[in-house]
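Data first, discussion second: the structure below is written as C-alpha coordinates.
In this note's numbering, the protein residues as written are 1373 to 1699.
Given below as C-alpha coordinates:
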(Lines of atoms letter the chains of each structure in order from A and count residues from 1; the text may use other names and numbers.)
(Lines give C-alpha, C1' and ligand atoms only; values in the text may rest on other atoms or scores of the structure.)
Protein backbone atom coordinates (compact mmCIF):
# COMPACT_ATOMS: atom_id res chain seq x y z
CA UNK A 1 0.00 0.00 0.00
CA UNK A 2 2.80 2.29 0.80
CA UNK A 3 4.61 1.43 -2.38
CA UNK A 4 1.55 2.16 -4.54
CA UNK A 5 1.13 5.41 -2.78
CA UNK A 6 4.74 6.23 -3.44
CA UNK A 7 4.36 5.31 -7.12
CA UNK A 8 1.20 7.34 -7.43
CA UNK A 9 2.87 10.14 -5.68
CA UNK A 10 5.76 10.09 -8.08
CA UNK A 11 3.43 10.00 -11.08
CA UNK A 12 1.46 12.81 -9.70
CA UNK A 13 4.63 14.73 -9.05
CA UNK A 14 5.79 14.09 -12.61
CA UNK A 15 2.45 15.19 -13.98
CA UNK A 16 2.50 18.29 -11.88
CA UNK A 17 6.02 19.01 -13.00
CA UNK A 18 5.07 18.61 -16.64
CA UNK A 19 2.05 20.84 -16.20
CA UNK A 20 4.11 23.52 -14.50
CA UNK A 21 6.80 23.39 -17.18
CA UNK A 22 4.27 23.65 -19.99
CA UNK A 23 2.61 26.65 -18.40
CA UNK A 24 5.96 28.21 -17.81
CA UNK A 25 6.86 27.78 -21.49
CA UNK A 26 3.55 29.31 -22.67
CA UNK A 27 3.85 32.41 -20.51
CA UNK A 28 6.89 33.93 -22.35
CA UNK A 29 5.28 33.27 -25.75
CA UNK A 30 2.11 35.12 -24.67
CA UNK A 31 4.23 37.92 -23.32
CA UNK A 32 6.11 38.08 -26.63
CA UNK A 33 2.84 38.27 -28.56
CA UNK A 34 1.51 41.07 -26.30
CA UNK A 35 4.62 43.25 -26.50
CA UNK A 36 3.92 44.71 -30.00
CA UNK A 37 0.38 45.62 -28.98
CA UNK A 38 1.61 47.35 -25.84
CA UNK A 39 4.29 49.23 -27.81
CA UNK A 40 1.75 50.37 -30.43
CA UNK A 41 -0.65 51.61 -27.75
CA UNK A 42 2.17 53.52 -26.06
CA UNK A 43 3.21 55.11 -29.37
CA UNK A 44 -0.36 56.19 -30.12
CA UNK A 45 -0.65 57.73 -26.66
CA UNK A 46 2.62 59.60 -27.04
CA UNK A 47 1.66 60.91 -30.49
CA UNK A 48 -1.76 62.00 -29.25
CA UNK A 49 -0.24 63.84 -26.32
CA UNK A 50 2.31 65.52 -28.59
CA UNK A 51 -0.42 66.50 -31.06
CA UNK A 52 -2.51 68.08 -28.33
CA UNK A 53 0.51 69.96 -27.04
CA UNK A 54 1.42 71.16 -30.54
CA UNK A 55 -2.15 72.27 -31.21
CA UNK A 56 -2.21 74.14 -27.92
CA UNK A 57 1.11 75.78 -28.80
CA UNK A 58 -0.26 76.89 -32.17
CA UNK A 59 -3.38 78.33 -30.55
CA UNK A 60 -1.29 80.10 -27.93
CA UNK A 61 1.00 81.52 -30.61
CA UNK A 62 -1.98 82.70 -32.66
CA UNK A 63 -3.55 84.39 -29.67
CA UNK A 64 -0.30 86.10 -28.77
CA UNK A 65 0.18 87.33 -32.33
CA UNK A 66 -3.39 88.55 -32.51
CA UNK A 67 -2.98 90.44 -29.26
CA UNK A 68 0.23 92.02 -30.53
CA UNK A 69 -1.43 92.93 -33.81
CA UNK A 70 -4.33 94.53 -31.94
CA UNK A 71 -1.91 96.57 -29.83
CA UNK A 72 0.25 97.73 -32.74
CA UNK A 73 -2.60 98.20 -35.23
CA UNK A 74 -1.13 95.81 -37.84
CA UNK A 75 -0.21 92.21 -38.54
CA UNK A 76 -2.38 89.14 -39.11
CA UNK A 77 -5.29 88.47 -36.82
CA UNK A 78 -5.88 85.10 -35.16
CA UNK A 79 -9.03 84.61 -37.24
CA UNK A 80 -6.96 84.99 -40.43
CA UNK A 81 -4.36 82.47 -39.16
CA UNK A 82 -6.83 79.68 -38.39
CA UNK A 83 -8.62 80.10 -41.74
CA UNK A 84 -12.14 78.70 -41.85
CA UNK A 85 -12.57 78.37 -38.08
CA UNK A 86 -15.37 80.66 -36.88
CA UNK A 87 -13.87 83.00 -34.29
CA UNK A 88 -15.89 86.08 -35.26
CA UNK A 89 -18.61 85.68 -32.62
CA UNK A 90 -22.31 85.22 -32.78
CA UNK A 91 -24.72 85.70 -35.64
CA UNK A 92 -25.66 89.14 -34.30
CA UNK A 93 -22.12 90.37 -34.70
CA UNK A 94 -22.10 89.04 -38.28
CA UNK A 95 -25.33 90.88 -38.99
CA UNK A 96 -23.78 94.11 -37.77
CA UNK A 97 -20.76 93.76 -40.09
CA UNK A 98 -22.41 95.41 -43.17
CA UNK A 99 -23.54 98.34 -41.04
CA UNK A 100 -20.04 98.84 -39.69
CA UNK A 101 -18.64 98.69 -43.23
CA UNK A 102 -21.13 101.29 -44.45
CA UNK A 103 -20.24 103.64 -41.60
CA UNK A 104 -16.54 103.22 -42.36
CA UNK A 105 -17.10 103.99 -46.05
CA UNK A 106 -19.09 107.10 -45.13
CA UNK A 107 -16.24 108.29 -42.92
CA UNK A 108 -13.72 107.74 -45.72
CA UNK A 109 -15.91 109.65 -48.17
CA UNK A 110 -16.30 112.48 -45.68
CA UNK A 111 -12.56 112.81 -45.17
CA UNK A 112 -11.80 112.68 -48.90
CA UNK A 113 -14.33 115.41 -49.73
CA UNK A 114 -13.31 117.69 -46.86
CA UNK A 115 -9.53 117.64 -47.40
CA UNK A 116 -9.54 118.94 -50.97
CA UNK A 117 -8.16 122.29 -52.13
CA UNK A 118 -10.21 123.67 -55.03
CA UNK A 119 -8.90 126.53 -57.20
CA UNK A 120 -10.06 127.90 -60.51
CA UNK A 121 -10.38 130.86 -62.87
CA UNK A 122 -13.21 132.22 -64.99
CA UNK A 123 -12.97 134.84 -67.76
CA UNK A 124 -16.35 136.00 -69.05
CA UNK A 125 -17.17 138.69 -71.63
CA UNK A 126 -20.29 140.59 -70.47
CA UNK A 127 -22.31 143.52 -71.79
CA UNK A 128 -22.49 145.35 -68.45
CA UNK A 129 -19.69 144.60 -66.00
CA UNK A 130 -21.26 146.56 -63.15
CA UNK A 131 -24.49 144.57 -63.37
CA UNK A 132 -22.57 141.29 -63.66
CA UNK A 133 -20.50 142.18 -60.59
CA UNK A 134 -23.67 142.79 -58.58
CA UNK A 135 -25.01 139.37 -59.58
CA UNK A 136 -21.74 137.67 -58.63
CA UNK A 137 -21.68 139.36 -55.22
CA UNK A 138 -25.29 138.32 -54.60
CA UNK A 139 -24.57 134.70 -55.54
CA UNK A 140 -21.47 134.53 -53.34
CA UNK A 141 -23.43 135.82 -50.35
CA UNK A 142 -26.20 133.27 -50.98
CA UNK A 143 -23.66 130.41 -51.01
CA UNK A 144 -22.10 131.53 -47.74
CA UNK A 145 -18.81 132.67 -49.29
CA UNK A 146 -16.89 135.93 -49.40
CA UNK A 147 -14.91 138.17 -51.76
CA UNK A 148 -11.26 138.58 -50.74
CA UNK A 149 -10.15 140.97 -53.48
CA UNK A 150 -11.71 143.15 -56.17
CA UNK A 151 -10.22 145.54 -58.74
CA UNK A 152 -11.42 147.50 -61.78
CA UNK A 153 -9.56 148.67 -64.89
CA UNK A 154 -10.72 151.04 -67.63
CA UNK A 155 -9.61 150.38 -71.21
CA UNK A 156 -12.02 150.05 -74.11
CA UNK A 157 -14.53 148.76 -71.59
CA UNK A 158 -14.78 148.28 -67.85
CA UNK A 159 -12.98 145.11 -66.68
CA UNK A 160 -13.55 143.83 -63.14
CA UNK A 161 -11.39 141.18 -61.46
CA UNK A 162 -12.61 139.43 -58.29
CA UNK A 163 -11.10 136.79 -56.00
CA UNK A 164 -14.09 134.80 -54.78
CA UNK A 165 -14.18 132.25 -51.92
CA UNK A 166 -17.09 129.81 -51.94
CA UNK A 167 -17.61 126.39 -50.28
CA UNK A 168 -15.96 123.56 -52.20
CA UNK A 169 -19.28 121.74 -52.56
CA UNK A 170 -20.81 124.78 -54.31
CA UNK A 171 -18.09 125.37 -56.93
CA UNK A 172 -20.04 123.77 -59.78
CA UNK A 173 -23.16 125.77 -58.96
CA UNK A 174 -21.17 129.02 -58.81
CA UNK A 175 -19.29 128.44 -62.08
CA UNK A 176 -22.52 127.59 -63.87
CA UNK A 177 -24.06 130.88 -62.72
CA UNK A 178 -21.02 132.94 -63.80
CA UNK A 179 -20.89 131.25 -67.21
CA UNK A 180 -24.49 132.32 -67.81
CA UNK A 181 -23.60 136.02 -67.42
CA UNK A 182 -22.04 136.26 -70.88
CA UNK A 183 -19.60 134.62 -73.28
CA UNK A 184 -17.05 132.38 -71.56
CA UNK A 185 -13.49 133.15 -72.69
CA UNK A 186 -11.72 130.80 -70.26
CA UNK A 187 -12.80 128.41 -67.51
CA UNK A 188 -10.73 126.00 -65.38
CA UNK A 189 -11.09 124.24 -62.01
CA UNK A 190 -8.38 122.23 -60.21
CA UNK A 191 -8.80 119.93 -57.21
CA UNK A 192 -5.88 118.76 -55.05
CA UNK A 193 -6.24 116.05 -52.37
CA UNK A 194 -4.38 116.92 -49.12
CA UNK A 195 -5.44 114.07 -46.81
CA UNK A 196 -1.85 113.03 -46.11
CA UNK A 197 -0.75 116.59 -45.30
CA UNK A 198 -3.66 117.04 -42.89
CA UNK A 199 -2.90 113.77 -41.10
CA UNK A 200 0.81 114.58 -40.84
CA UNK A 201 0.17 118.05 -39.43
CA UNK A 202 -2.39 116.75 -36.93
CA UNK A 203 0.01 114.04 -35.74
CA UNK A 204 2.91 116.47 -35.35
CA UNK A 205 0.72 118.97 -33.50
CA UNK A 206 -0.50 116.33 -31.05
CA UNK A 207 3.06 115.12 -30.51
CA UNK A 208 4.28 118.65 -29.77
CA UNK A 209 1.38 119.24 -27.38
CA UNK A 210 2.39 116.15 -25.40
CA UNK A 211 6.03 117.25 -25.47
CA UNK A 212 5.24 120.76 -24.22
CA UNK A 213 3.04 119.38 -21.45
CA UNK A 214 5.86 117.06 -20.37
CA UNK A 215 8.37 119.93 -20.37
CA UNK A 216 6.01 122.07 -18.30
CA UNK A 217 5.77 119.23 -15.81
CA UNK A 218 9.57 118.98 -15.72
CA UNK A 219 9.82 122.72 -15.07
CA UNK A 220 7.32 122.44 -12.25
CA UNK A 221 9.26 119.60 -10.62
CA UNK A 222 12.76 120.94 -11.38
CA UNK A 223 15.07 120.70 -8.35
CA UNK A 224 17.83 123.00 -9.57
CA UNK A 225 18.26 126.05 -11.78
CA UNK A 226 20.12 124.22 -14.53
CA UNK A 227 17.32 121.73 -15.12
CA UNK A 228 14.81 124.57 -15.06
CA UNK A 229 16.72 126.60 -17.68
CA UNK A 230 17.23 123.58 -19.94
CA UNK A 231 13.54 122.69 -19.80
CA UNK A 232 12.56 126.32 -20.43
CA UNK A 233 14.81 126.52 -23.51
CA UNK A 234 13.40 123.33 -24.97
CA UNK A 235 9.87 124.44 -24.12
CA UNK A 236 10.35 127.71 -26.02
CA UNK A 237 11.55 125.81 -29.08
CA UNK A 238 8.65 123.36 -28.91
CA UNK A 239 6.09 126.14 -28.50
CA UNK A 240 7.50 128.08 -31.47
CA UNK A 241 7.37 124.96 -33.62
CA UNK A 242 3.86 124.16 -32.37
CA UNK A 243 2.60 127.65 -33.23
CA UNK A 244 4.09 127.37 -36.72
CA UNK A 245 2.41 124.02 -37.34
CA UNK A 246 -0.90 125.32 -35.99
CA UNK A 247 -0.69 128.28 -38.38
CA UNK A 248 -0.05 125.90 -41.28
CA UNK A 249 -2.98 123.73 -40.21
CA UNK A 250 -5.26 126.76 -39.97
CA UNK A 251 -4.24 127.96 -43.43
CA UNK A 252 -4.73 124.48 -44.86
CA UNK A 253 -8.12 124.25 -43.18
CA UNK A 254 -9.16 127.59 -44.71
CA UNK A 255 -8.06 126.45 -48.17
CA UNK A 256 -10.02 123.21 -47.88
CA UNK A 257 -13.09 124.86 -46.37
CA UNK A 258 -13.49 127.46 -49.15
CA UNK A 259 -12.53 127.20 -52.80
CA UNK A 260 -10.65 130.09 -54.43
CA UNK A 261 -11.99 131.25 -57.81
CA UNK A 262 -10.53 134.19 -59.79
CA UNK A 263 -13.32 135.81 -61.80
CA UNK A 264 -12.70 138.34 -64.59
CA UNK A 265 -15.69 140.22 -66.00
CA UNK A 266 -14.63 141.98 -69.24
CA UNK A 267 -17.13 144.42 -70.70
CA UNK A 268 -17.72 144.24 -74.45
CA UNK A 269 -16.44 147.39 -76.24
CA UNK A 270 -19.11 149.26 -78.28
CA UNK A 271 -18.87 148.67 -82.03
CA UNK A 272 -17.85 151.64 -84.27
CA UNK A 273 -20.67 153.08 -86.39
CA UNK A 274 -20.35 152.43 -90.12
CA UNK A 275 -20.77 155.56 -92.32
CA UNK A 276 -23.18 155.20 -95.22
CA UNK A 277 -21.92 155.60 -98.81
CA UNK A 278 -22.92 158.02 -101.59
CA UNK A 279 -23.53 161.77 -101.33
CA UNK A 280 -24.91 161.49 -97.84
CA UNK A 281 -21.91 159.48 -96.74
CA UNK A 282 -19.49 162.00 -98.26
CA UNK A 283 -21.34 164.88 -96.61
CA UNK A 284 -21.18 163.18 -93.25
CA UNK A 285 -17.48 162.41 -93.72
CA UNK A 286 -16.73 166.03 -94.68
CA UNK A 287 -18.66 167.36 -91.74
CA UNK A 288 -16.87 165.00 -89.39
CA UNK A 289 -13.52 166.09 -90.84
CA UNK A 290 -14.41 169.79 -90.36
CA UNK A 291 -15.42 169.14 -86.78
CA UNK A 292 -12.19 167.26 -86.25
CA UNK A 293 -10.12 170.18 -87.66
CA UNK A 294 -11.97 172.70 -85.51
CA UNK A 295 -11.46 170.53 -82.48
CA UNK A 296 -7.76 170.23 -83.30
CA UNK A 297 -7.48 174.03 -83.78
CA UNK A 298 -9.18 174.76 -80.49
CA UNK A 299 -6.98 172.21 -78.80
CA UNK A 300 -3.87 173.82 -80.41
CA UNK A 301 -4.87 177.28 -79.22
CA UNK A 302 -5.45 175.96 -75.76
CA UNK A 303 -2.05 174.28 -75.86
CA UNK A 304 -0.21 177.42 -77.13
CA UNK A 305 -1.97 179.93 -74.89
CA UNK A 306 0.29 179.37 -71.87
CA UNK A 307 3.31 179.87 -74.16
CA UNK A 308 1.94 183.00 -75.93
CA UNK A 309 1.83 185.06 -72.74
CA UNK A 310 5.57 184.93 -71.87
CA UNK A 311 6.49 185.14 -75.57
CA UNK A 312 4.35 188.29 -75.93
CA UNK A 313 5.93 189.86 -72.86
CA UNK A 314 9.47 189.20 -74.10
CA UNK A 315 8.62 190.48 -77.60
CA UNK A 316 7.01 193.67 -76.27
CA UNK A 317 9.97 194.39 -73.98
CA UNK A 318 12.44 193.98 -76.88
CA UNK A 319 10.39 196.23 -79.17
CA UNK A 320 10.28 198.93 -76.46
CA UNK A 321 14.07 198.85 -75.97
CA UNK A 322 14.77 199.11 -79.72
CA UNK A 323 12.36 201.99 -80.15
CA UNK A 324 13.89 203.91 -77.24
CA UNK A 325 17.41 203.66 -78.70
CA UNK A 326 16.25 204.99 -82.04
CA UNK A 327 14.61 207.98 -80.38
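We put the beta carbon where it would ideally sit given N, CA and C, even for glycine.
Beta-carbon proximity of residue i to residue j, cut-off 7 Å
i            : j            : result
residue 1518 : residue 1505 : no
residue 1555 : residue 1497 : yes
residue 1523 : residue 1501 : no
residue 1515 : residue 1542 : yes
residue 1617 : residue 1587 : no
residue 1490 : residue 1585 : no
residue 1535 : residue 1636 : no
residue 1487 : residue 1544 : no
residue 1633 : residue 1540 : no
residue 1552 : residue 1495 : no
residue 1580 : residue 1624 : no
residue 1503 : residue 1640 : no
residue 1600 : residue 1591 : yes
Reduced DSSP category for residue i - H, G, I as helix; E, B as strand; rest coil
i            : result
residue 1630 : strand
residue 1551 : helix
residue 1640 : coil
residue 1521 : strand
residue 1699 : coil
residue 1538 : strand
residue 1566 : coil
residue 1686 : helix
residue 1420 : Bear in mind that the predicted position of residue 1420 carries a pLDDT of just 45, short of 50, making it too unreliable to give a figure here.
residue 1596 : coil
residue 1601 : helix
residue 1677 : helix
residue 1693 : helix
residue 1573 : helix
residue 1607 : helix
residue 1655 : helix
Cross-strand partners of residue i (DSSP beta bridge)
i            : result
residue 1591 : In DSSP, residue 1591 forms no bridge with anything.
residue 1556 : 1496
residue 1508 : Answer is none; residue 1508 lacks a bridge partner.
residue 1701 : In the structure as shown, the chain begins at 1373 and stops at 1699. Residue 1701 is therefore absent and cannot be evaluated.
residue 1561 : 1492
residue 1635 : 1494 and 1534
Where the beta strand (DSSP E) containing residue i begins and where it ends
i            : result
residue 1494 : 1488-1498
Cβ-Cβ separation, residue j to residue i (assumed contact under 8 Å), whole Å
i            : j            : result
residue 1612 : residue 1603 : That pair is no contact at about 15 Å.
residue 1547 : residue 1561 : 7 Å
Residue i: CB within 6 Å of a non-hydrogen atom of the ligand COA
i            : result
residue 1493 : Summarising the ligand content, the structure contains no ligands, and the ligand COA is consequently not present.
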